[in-house]
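What follows is a set of notes on a single structure, which appears directly below.
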Amino acid sequence: MKKPTLAELIESAEKNVKPDDWYRQGLILEMFHGMSKTTLVEYCKEMEGIDEFKDGILRPGHSTTFIHVHTFIWFLRWKDENKYRTKKVSPNDILKEAS
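Quick note on numbering: the sequence shown equals residues 1165 to 1263 in my numbering.
Right, here's the structure in full:
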């Protein structure tokens, strides 16, 4: 089975999103077919370390994580834009391009 590209994952997720939705990790994994749980956990940790994205993760308990799907998609777009760059694009620049 062919693994989807990051662009295909983002497009697939955007088709199924309602405004201001928060999802548990399991639902995010269903939305982004082909993403592993390990990758999602690493992305969540990375999001928490970046001011623009940290509000997209809620951890009300030790085993409960909620992810704001629009912030997560913004994060994925930012990661995709910066994957081969030495001079990184800021998250706010990605958000401006999407508007």
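Ideal Cβ placement from N, Cα and C applies to all residues, glycine included.
> Which residues mark the beginning and the end of the beta strand (DSSP E) in which ILE1231 is found?
Replying inline: Annotation: the continuous beta strand (DSSP E) that includes ILE1231 extends over 1228-1232.
> Ends of the alpha helix (DSSP H) at TYR1187?
Replying inline: No alpha helix (DSSP H) holds TYR1187; the beta strand (DSSP E) holding it covers 1186-1188.
>> Taking the alpha helix (DSSP H) that THR1202 belongs to, which residues open and close that run?
In response: 1201-1212
>> Considering just the uninterrupted stretch of the beta strand (DSSP E) at GLY1220, what are its terminal residues?
In response: That residue, GLY1220, is in no beta strand (DSSP E); it is neither H nor E in DSSP.
> TYR1248 to MET1211, Cα distance in whole Å?
Replying inline: Going from the Cα of TYR1248 to the Cα of MET1211 covers about 19 angstroms.
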